[in-house]
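Novice: Mapping of the sequence shown onto this note's numbering: residues 1 to 257, in sequence order. Even glycine gets a Cβ: it sits at the ideal position worked out from N, Cα and C. Quick one: the structure is below, questions incoming.
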Amino acid sequence: MKIGFIGTGTISEAVITGMMKAGLKIDEIIVSARSRKTSADLAARYSCVSICEDNQDIINQSDLLFLAVLPQIAEEVITPLTFRADQEVCSLIATIPVEKITAWGGEVARITRAVPLPPVAELNGITVLSGPSERVEMIFNALGGAIVTKSLREFDAYTVPGSSMGLYFGIQELIADWIKDQGGDRQEARRFIASLFAALSRTAEQSEDSFSVLRSEHSTPGGLNEQMFRVFCGSGGKDALNDAMNAVADRITKARS
């Protein structure tokens, strides 16, 4: 199988790294020159990766084509290209529906969307898919797992929390800054918070209990953990989180129009 990538940024690098780590049977991976540093690094690390300067050549050579350009330039990049009618395409482009992609590049045998996140490089993290594809599902199952959504609405619902990585680290940053303001060392605060959040994530991943049950199990009645969550919600924290998620959801919906 020959796989092509148009757009060689952070996510493409993570997916390709995961493919190599998982030992998938791939004859060749053809990547676009942009970004040059990332494509050069990948070609240097893996003998099956080659760089192609012409995006149409990537299309012509690929059995499976990943589109991973920024949404702001997607139309500009794709419109001059022509997909093959017998080709399978997987779009990693956030907010852009498949109808727009095929309108720009032409009809294909199968087109899916996926939202891989950076941890797939370490074979960790679930990738959400829209549209059935045994080949794409096989790849992302090998990279940490896949969820195939049954509707566009469900796919969009998973896409929203996928945009919470900055929020996740931002919350840790705020807590670490608070420790520093109380006289703590910034680096030690960072180490402590990162370890705490990592341990809690492992607990959630290894448990089948709901988040509500886990919260209760980690919150003694009348204790500090219970107080922290109660004050957070009472001070508008829950509303702020819902507002942020709704704003991202609205942006995704508007991008389809």
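(1) Of the choices Ser151, Ser201 and Gly23, whose alpha-carbon is the least far from that of Ala142?
(2) Going by beta carbon distance, what residues of the same chain come within less than 6 Å of Ala43, once the five residues before and after it are set aside?
(3) Short check: CB of Ala94 to CB of Val108, under 8 Å?
(4) Roughly how many whole angstroms lie between the Cα atoms of Ser235 and Phe211?
(5) Would the beta-carbon of Ile139 be found less than 7 Å away from any heavy atom of the ligand NAP?
(6) Using the Cα positions of Tyr46 and Leu117, report the straight-line distance between them to the nearest angstrom.
(7) Three or more C-beta pairs under 8 Å: does that hold for the region 10-19 against the region 119-133?
(8) Taking DSSP as the reference, what is the three-state secondary structure of Ala85?
(9) Rounded to whole angstroms, what is the Cα-Cα separation between Ser163 and Phe155?
(10) By DSSP, does Val108 sit in helix, in strand, or in coil?
(11) Just list the residues that DSSP pairs Ala114 with in beta bridges.
(12) Quickly, what does DSSP pair Phe169 with across the bridge? List them, please.
(13) Alpha carbon to alpha carbon, how far is Val160 from Leu241?
(14) Can you tell me where the alpha helix (DSSP H) with Lys238 in it begins and where it stops?
(15) Within the chosen definition, does the region 164-176 reach the region 23-40 through at least 3 CB pairs nearer than 8 Å?
(16) Given a cut-off of 8 Å, decide if Ile193 and Gln172 are closer than it, judged by their beta-carbon atoms.
(17) Measuring only the C-alpha atoms, how far is Gln56 from Leu81?
(18) Can you look up Val49 in the DSSP assignment and give me helix, strand or coil?
(19) Measure the C-alpha to C-alpha separation of Ile30 and Glu75 and round it to an integer number of angstroms.
(20) Grouping DSSP H, G and I as helix and E and B as strand, with all else coil, what is Gly28?
(21) Could you give the residue range of the beta strand (DSSP E) that holds Gly4?
(22) With C-beta atoms as the reference, is Thr127 less than 8 Å away from Gly144?
Specialist: Per the coordinate set shown:
(1) On the sequence shown, residue 142 is found 142 positions in, with the first residue counted as 1. Comparing Cα positions, the closest option is Gly23.
(2) By 1-based counting over the sequence shown, the position of residue 43 is 43. For Ala43, where only same-chain residues beyond five positions count, the Cβ hits under 6 Å are Val49 and Ile51.
(3) Looking up residue 94 in the sequence shown gives position 94. Looking up residue 108 in the sequence shown gives position 108. Cβ atoms of Ala94 and Val108: not closer than 8 Å.
(4) Position 235 of the sequence shown holds residue 235. Position 211 of the sequence shown holds residue 211. Spanning the two alpha carbons is a distance of roughly 21 Å.
(5) For the structure depicted, the ligand NAP is absent and the ligand set is empty, with no information on it obtainable.
(6) For the purposes of this step, residue 46 is taken as the residue at position 46 of the sequence shown. For the purposes of this step, residue 117 is taken as the residue at position 117 of the sequence shown. The alpha-carbon atoms of Tyr46 and Leu117 are separated by roughly 21 Å.
(7) yes
(8) Start at 1 with the first residue of the sequence shown, and residue 85 comes out as number 85. Three-state DSSP puts Ala85 in coil, outside helix and strand.
(9) On the sequence shown, residue 163 is found 163 positions in, with the first residue counted as 1. On the sequence shown, residue 155 is found 155 positions in, with the first residue counted as 1. Taking the straight line from one Cα to the other gives about 13 Å.
(10) Indexing the sequence shown from 1 puts residue 108 at position 108. Three-state DSSP puts Val108 in coil, outside helix and strand.
(11) Here residue 114 refers to the residue found at position 114 when the sequence shown is read from its first residue. Its beta-bridge partners are Leu129.
(12) Within the sequence shown, residue 169 is the residue found at index 169, counting from 1. Looking at the DSSP assignment, Phe169 forms no beta bridge with any residue, so it has no partner.
(13) In the sequence shown, the residue the question calls residue 160 occupies position 160. In the sequence shown, the residue the question calls residue 241 occupies position 241. Near 11 Å, if we compare the C-alpha coordinates of Leu241 and Val160.
(14) On the sequence shown, position 238 is the one that residue 238 refers to. Looking at the DSSP string, the run of the alpha helix (DSSP H) that includes Lys238 is Gly237 to Ala255.
(15) no
(16) Here residue 172 refers to the residue found at position 172 of the sequence shown. Here residue 193 refers to the residue found at position 193 of the sequence shown. Yes, the pair counts as a contact, with Cβ atoms nearer than the cut-off.
(17) Taking the sequence shown and counting its residues from 1, the one referred to as residue 56 is at position 56. Taking the sequence shown and counting its residues from 1, the one referred to as residue 81 is at position 81. The straight-line gap from Cα to Cα measures roughly 6 Å.
(18) Locating residue 49 in the sequence shown gives position 49, counting from the first residue. Val49 falls in the strand class under three-state DSSP.
(19) Numbered from its first residue, the sequence shown carries residue 30 at position 30. Numbered from its first residue, the sequence shown carries residue 75 at position 75. Whole-angstrom Cα-Cα distance: 21 Å.
(20) Here residue 28 corresponds to residue number 28 of the sequence shown, with the count starting at 1. Note on identity: in this sequence residue 28 is Glu, with Gly being the wrong assignment. Three-state DSSP puts Glu28 in a strand.
(21) Taking the sequence shown and counting its residues from 1, the one referred to as residue 4 is at position 4. Its beta strand (DSSP E) spans residues Lys2 to Ile6.
(22) Translated into the one-based positions of the sequence shown, residue 127 becomes position 127. Translated into the one-based positions of the sequence shown, residue 144 becomes position 144. Contact flag set, yes.
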